[in-house]
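Peer 1:
Residue numbers (mature numbering (1 follows the signal peptide of the UniProt record, and there is no 0)): -30 to -1, 1 to 514.
1) Pull up the distance between the alpha-carbon of residue 382 and that of residue 212, whole angstroms please.
2) Which residues does DSSP list as the beta-bridge partners of residue 69?
3) Are the stretch 334 to 341 and the stretch 265 to 278 touching by the rule of at least three beta carbon pairs closer than 8 Å?
4) Closest by CA to residue 209, which one among 39, 81, 410 and 368?
5) Say whether the stretch 121 to 131 touches the stretch 151 to 163, bearing in mind that this needs 3 or more beta-carbon pairs closer than 8 Å, one atom from each stretch.
6) Tell me the rounded alpha-carbon separation between residue -3 and residue 69.
7) I want to know whether the stretch 281 to 292 touches the stretch 160 to 176 - three or more CB-CB distances under 8 Å.
8) Find out if the Cβ-Cβ distance for the pair residue 276, residue 186 is shorter than 7 Å.
9) Which residue wins for smallest C-alpha separation from residue 388, given the options 376, 397, 394 and 396?
10) Taking Cβ positions, are residue 168 and residue 354 nearer each other than 7 Å?
11) How is residue 313 classed by DSSP in three states: helix, strand or coil?
12) For the alpha helix (DSSP H) containing residue 116, list its first residue and its last residue.
13) From the DSSP output, which residues share a beta bridge with residue 380?
14) When the Cβ atoms of the stretch 227 to 246 are set against those of the stretch 398 to 406, are three or more pairs found closer than 8 Å?
15) What three-state label does DSSP hand residue 421 in the structure shown?
16) Of the residues 66, 205 and 119, which one's Cα is nearest the Cα of residue 53?
17) I need the DSSP call for residue 291, collapsed to helix, strand or coil.
18) Please classify residue 313: is it buried, with 16 or more other beta-carbons within 10 angstroms of its beta-carbon, or exposed?
19) Would a C-beta distance cut-off of 7 Å place residue 141 and residue 266 closer than the cut-off?
20) Per DSSP, what are the beta-bridge partners of residue 207 in this structure?
21) Suppose contacts are defined by Cβ-Cβ distances below 7 Å. Is residue 582 in contact with residue 262 by that definition?
22) Specify the secondary structure class of residue 149 as computed by DSSP and reduced to three states.
23) Leaving out the 5 sequence neighbours to the left and right, which residues in its chain are closer than 6 Å to residue 55 when beta-carbon positions are compared?
24) Decide if the stretch 215 to 232 is in contact with the stretch 24 to 31; the criterion is three or more beta carbon pairs, one per stretch, under 8 Å apart.
25) Hey, residue 143 and residue 322 are a contact pair by Cβ (cut 8 Å); roughly how many whole angstroms apart?
26) As a quick exercise: from 292, 192 and 108, pick the residue whose alpha carbon is nearest that of residue 425.
27) Can you tell me which of 50, 146, 405 and 365 puts its alpha carbon nearest to the alpha carbon of residue 522?
28) Quick one: using the 10 Å Cβ neighbour count with 16 as the cut-off for buried, is residue 332 buried or exposed?
29) Alpha carbon to alpha carbon, how far is residue 393 from residue 112?
30) Over what stretch of residues does the alpha helix (DSSP H) that includes residue 132 continue unbroken?
31) Would the beta-carbon of residue 415 fall within 7 Å of that of residue 65?
32) Measure the Cβ-Cβ separation of residue 431 and residue 358 and say whether it is below 7 Å.
33) Whose C-alpha, out of 229, 300 and 325, is nearest the C-alpha of residue 91?
34) Among the candidates 59, 254 and 100, whose CA atom is the shortest distance from the CA of residue 199?
35) I'd like to check one pair, residue 365 with residue 221: are the Cβ atoms closer than 7 Å?
36) Check residue 89 in the structure and name its three-state DSSP category.
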């Protein structure tokens, strides 16, 4: 009897020691901050939800959430993420639109200044010869504006038409002593190509004007197309898997009573990279677009700047008119030989005096305003090059944990280190994303169409660099006839096909199943207590 009393006493003491040691173990190994639902309830109420539950996304162990709360937080996660992506896109779009407006205003103002200079200098230098033919010059500037604005104007034909009309008007005005009909003027026009009544000015001016205005128009279009691509792609569609992943990252810590824990940095990157996998596929063509636009920027300043070309138009046209006046007799003799001598007119009019070139001399180097404008737009283009691949980092920077909290951050299950590798960029790289399940064989069609639009714009920019223009329909060969925005199989060699997915699986570390109940704190903190239980039990048995 005395033996059994002693054994009972030992068991009682062992149990007391065990309880105390387990309690101490919880203090030593437990989280520095206890789990609490008060933070969540305060946040949940502040979002306008009522506190009124089986959870689908968050852990069903220790939880502060009902199924109704979880559903509302899912919808909130969607709205907040969509808003965050749109706001980031709006910032870039506003920058692109701002640069477009600055360039657009500047170029149109150049045309206005050039036309005003021509009117003033020609009125003073040519008098009635100009005033009687002012519409020819007005139409030239109108065609330049319409072409720049994107109208269906053939720039070379418009310039050829200008010189042809000017020749007709000047030939009649400078030969007022003759009766010159339409048929005779047609013959004169046929001789102009070989006789060159305006010297080399039309050819030289055509080269400069076409290169400059084509570059200006295409550059402005590039800014508009870029802004539109950002707007459309930023209206991101969130799959169910993406919404669940964002919810799990953002609000499941609150449901688990660890609202203090921010998402681990790499965990956040994987979630956002998974959600924005399609957008990241814009990266390659986005960089190519920025590079091509930078080349066009260079063409707007070299070898002759856009402002010097446009503002020198009055002086160059005046030179051409004076060349014709100075060489009129030679030109007339050759025309009369080819077309016959016109009939003398009975009207006696005073011969028009030789004009004077009073147009302003323009420097060939870019002005200060153009230099600043091109510098600002170049800096913006370089800054935006990596926008799509840097977007996940940008979206995570305000929500993720700091470098010193790698062991005290939310990893999707509990407060602990996040072990999986960070995924690469783009849809194909998400095949093994541990956070967002994605079907990489089904790309987003809105994004694919924008990729093709960027390809078309890049093609136009490359043509513009060489002084050539091309219509959009001429560059769309690599768009399939289905209108889906994807390339046909035999056309994908132009690097439009998606890259083959990487079949080498990254290291993925398993976490406890969400359905397994998790008690307070980390899973590892219960191990010392279990060990002590076993140790005490063995001690008692041995003493028996």
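The beta carbon of each residue, even a glycine, is placed where N, CA and C say it ideally should be.
Peer 2: Per the coordinate set shown:
1) For this step, residue 382 is matched to residue 412 along the chain shown. For this step, residue 212 is matched to residue 242 along the chain shown. Straight-line Cα distance between these residues: approximately 14 Å.
2) If you number the chain shown from 1, residue 69 lands on position 99. Beta-bridge pairing links residue 69 to no other residue.
3) yes
4) As a working note, residue 209 is residue 239 in the chain shown. If we check each option's Cα against that of residue 209, 410 comes out closest.
5) no
6) On the chain shown, residue -3 is found 28 positions in, with the first residue counted as 1. On the chain shown, residue 69 is found 99 positions in, with the first residue counted as 1. Caution is warranted here: a pLDDT of 39 is assigned to residue -3, below 50, making its placement in the model unreliable, and the coordinate value is therefore given only provisionally. Distance between the alpha carbons of residue -3 and residue 69: 59 Å.
7) yes
8) Within the chain shown, numbered from 1, the residue matching residue 276 stands at position 306. Within the chain shown, numbered from 1, the residue matching residue 186 stands at position 216. Taking 7 Å as the Cβ cut-off, residue 276 and residue 186 qualify as a contacting pair.
9) If you number the chain shown from 1, residue 388 lands on position 418. It is 376.
10) Counting from one through the chain shown, the residue named residue 168 turns up at place 198. Counting from one through the chain shown, the residue named residue 354 turns up at place 384. Not in contact: residue 168 and residue 354 (Cβ atoms no closer than 7 Å).
11) Taking the first residue of the chain shown as position 1, residue 313 is located at position 343. Looking at residue 313 - three-state DSSP - the assignment turns out to be strand.
12) In the chain shown, residue 116 corresponds to position 146, counting from 1. Run containing residue 116: 104 to 118, per the alpha helix (DSSP H) assignment.
13) Here residue 380 is taken as the residue at index 410 of the chain shown, counted from 1. Note: residue 380 sits in a beta bridge opposite 233 and 385.
14) yes
15) Here residue 421 refers to the residue found at position 451 when the chain shown is read from its first residue. Three-state DSSP puts residue 421 in a helix.
16) Stepping through the chain shown from its first residue, residue 53 is reached at position 83. The shortest C-alpha separation from residue 53 is found at 205.
17) Taking the chain shown and counting its residues from 1, the one referred to as residue 291 is at position 321. Residue 291 falls in the helix class under three-state DSSP.
18) Counted from its first residue, the chain shown places residue 313 at position 343. Flag for residue 313 reads exposed.
19) Within the chain shown, numbered from 1, the residue matching residue 141 stands at position 171. Within the chain shown, numbered from 1, the residue matching residue 266 stands at position 296. No. Outside cutoff.
20) Within the chain shown, the letter at position 237 stands for residue 207. In DSSP, residue 207 forms no bridge with anything.
21) What is shown of the chain runs -30 to 514, which leaves residue 582 out entirely.
22) In the chain shown, counting from the first residue as 1, residue 149 sits at position 179. Of the three classes helix, strand and coil, the one that applies to residue 149 here is strand, per DSSP.
23) On the chain shown, position 85 is the one that residue 55 refers to. Same-chain partners within the cutoff: 204 and 206.
24) yes
25) Taking the chain shown and counting its residues from 1, one reaches residue 143 at position 173. Taking the chain shown and counting its residues from 1, one reaches residue 322 at position 352. Their Cβ separation, rounded to whole angstroms, is 6 Å, which keeps residue 143 and residue 322 in contact under 8 Å.
26) Here residue 425 refers to the residue found at position 455 when the chain shown is read from its first residue. Residue 192 is the option with its Cα nearest to residue 425.
27) No answer is possible for residue 522: it lies beyond the span of the chain, which begins at -30 and ends at 514.
28) Locating residue 332 in the chain shown gives position 362, where the first residue counts as 1. Buried, because 16 or more other Cβ atoms sit within 10 Å of the Cβ of residue 332.
29) Position 423 of the chain shown, counting from 1, holds the residue named residue 393. Position 142 of the chain shown, counting from 1, holds the residue named residue 112. Rounded to whole angstroms, residue 393 to residue 112 spans 54 Å at the Cα level.
30) Within the chain shown, residue 132 is the residue found at index 162, counting from 1. Start and end: 125 to 144.
31) Against the chain shown, residue 415 aligns to sequence position 445. Against the chain shown, residue 65 aligns to sequence position 95. Going by C-beta atoms, residue 415 is not nearer than 7 Å to residue 65.
32) Taking the chain shown and counting its residues from 1, the one referred to as residue 431 is at position 461. Taking the chain shown and counting its residues from 1, the one referred to as residue 358 is at position 388. For residue 431 and residue 358, no; Cβs fall outside 7 Å.
33) The sequence position of residue 91 within the chain shown is 121, counting from 1. Among 229, 300 and 325, the Cα nearest to that of residue 91 belongs to 325.
34) On the chain shown, position 229 is the one that residue 199 refers to. Closest by alpha carbon: 59.
35) For the purposes of this step, residue 221 is taken as residue 251 along the chain shown, with counting starting at 1. For the purposes of this step, residue 365 is taken as residue 395 along the chain shown, with counting starting at 1. Result no, Cβ atoms of residue 221 and residue 365 do not sit closer than 7 Å.
36) By 1-based counting over the chain shown, the position of residue 89 is 119. Residue 89 falls in the helix class under three-state DSSP.
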